[in-house]
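One structure is given below, encoded as C-alpha cells.
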Amino acid sequence: MTASADITILPIASEHIEGFHKALDTVAREREYLAMLEAFPLEETRAFVLGMIAKGNPQFVALAGGNVVGWCDISRHTFPSHAHAAWLGMGIIPAYRSQGLGRRLIETTIRAAGDAGIERVELSVYADNARAIALYEKVGFVREGLARKAVRIDGRYKDKIHMAIIFQ
Numbered sequence: 778m779t780a781s782a783d784i785t786i787l788p789i790a791s792e793h794i795e796g797f798h799k800a801l802d803t804v805a806r807e808r809e810y811l812a813m814l815e816a817f818p819l820e821e822t823r824a825f826v827l828g829m830i831a832k833g834n835p836q837f838v839a840l841a842g843g844n845v846v847g848w849c850d851i852s853r854h855t856f857p858s859h860a861h862a863a864w865l866g867m868g869i870i871p872a873y874r875s876q877g878l879g880r881r882l883i884e885t886t887i888r889a890a891g892d893a894g895i896e897r898v899e900l901s902v903y904a905d906n907a908r909a910i911a912l913y914e915k916v917g918f919v920r921e922g923l924a925r926k927a928v929r930i931d932g933r934y935k936d937k938i939h940m941a942i943i944f945q
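Next comes the structure, spelled out in C-alpha cells:
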C-alpha cells in the first residue's frame, strides 16, 4: 500500500483511459459497490471519457506510480431543465482504500464542478456501504431518499440511499 500523499490527482486525459478502464473493472467485479458488474468494453469506456472531456465535465484520476488507482467524475444532466445538476460516480481499487484518497478525489472533483457552474451534485450509494456514506456526509452531501431493493446482485437485494449537495 502507498500513502495517500504519494498519489497524484489529475484531470483525466486520453493516456489514462486504459488505466481508468482497468480500475473501473476491478471495482465493478467486486460486485459490492457499483451498479455495473464489469466495465464496459474499452472502446465504450474511451468514448465515455472523451465525451466527458469534450463536454467539460469534471473527471479526475488518482495515480500511484503511473497507475490509475481511483477516479471521481461528475456528469452534467442533459435535459435543459436539469442542466444545473450533475451525477457523481467514483471508485478506488481495494489496496488504496481507507487512506484519505476518497476525500481528496471527491473534494477536487466537487470544486471543479462548482467552478464549472454546476449547482447540484447527486449520487446514489448502497445503504450497506457505511464508509462511503460517511465520506459523502463529511464533504457535505445530505440524504434525500431511500430506494428499497433497488438492485439485485447474485440474488442479494441492496437498498440505495440518494444524496445530494447543493452549492450556494
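Residue 936 in this note's numbering is what sits at position 159 of the sequence shown, and the numbering runs on without skipping anything.
For each residue, glycine too, the CB sits at the ideal point set by N, CA and C.
Since we're looking at a predicted model, the values are computed, not measured.
- Of the candidates Ala831, Val826, Gly843, His861, Val826 places its Cα closest to the Cα of Cys849.
- Met813 counts as exposed, since fewer than 16 other C-beta atoms from the protein chains shown sit within 10 angstroms of its C-beta.
- A residue is called buried when at least 16 other Cβ atoms come within 10 angstroms of its Cβ; Ser852 meets this threshold and is buried.
- Here Arg808 is near Asp931, since their CB atoms are less than 8 Å apart.
- Non-local C-beta neighbours of Gly922 in its own chain, meaning closer than 8 Å and more than five positions away in sequence, comprise Ile938, His939, ordered along the chain.
- In the DSSP assignment, Val826 falls within the alpha helix (DSSP H) that extends over 819–832.
- Collapsing the DSSP output to three states places His939 in a strand.
- By the neighbour-count criterion, in which a residue is buried when 16 or more other Cβ atoms sit within 10 angstroms of its Cβ, Tyr903 is buried.
- Under the DSSP assignment, Arg908 falls in the alpha helix (DSSP H) whose first and last residues are 907–915.
- When secondary structure is reduced to three states using DSSP, Leu787 falls in the strand class.
- For Thr855 and His793, the gap between their C-alpha atoms comes out near 25 Å.
- Under a 10 Å Cβ-count criterion, Gly843 is classified as exposed, with fewer than 16 other Cβ atoms of the shown protein chains found around its own Cβ.
- Annotation: Ile895 to Ala839 spans about 22 Å, alpha carbon to alpha carbon.
- With a 10 Å radius around the Cβ and a threshold of 16 neighbouring Cβ atoms, Leu787 comes out exposed.
- Boundaries of the alpha helix (DSSP H) around Leu801: 794–805.
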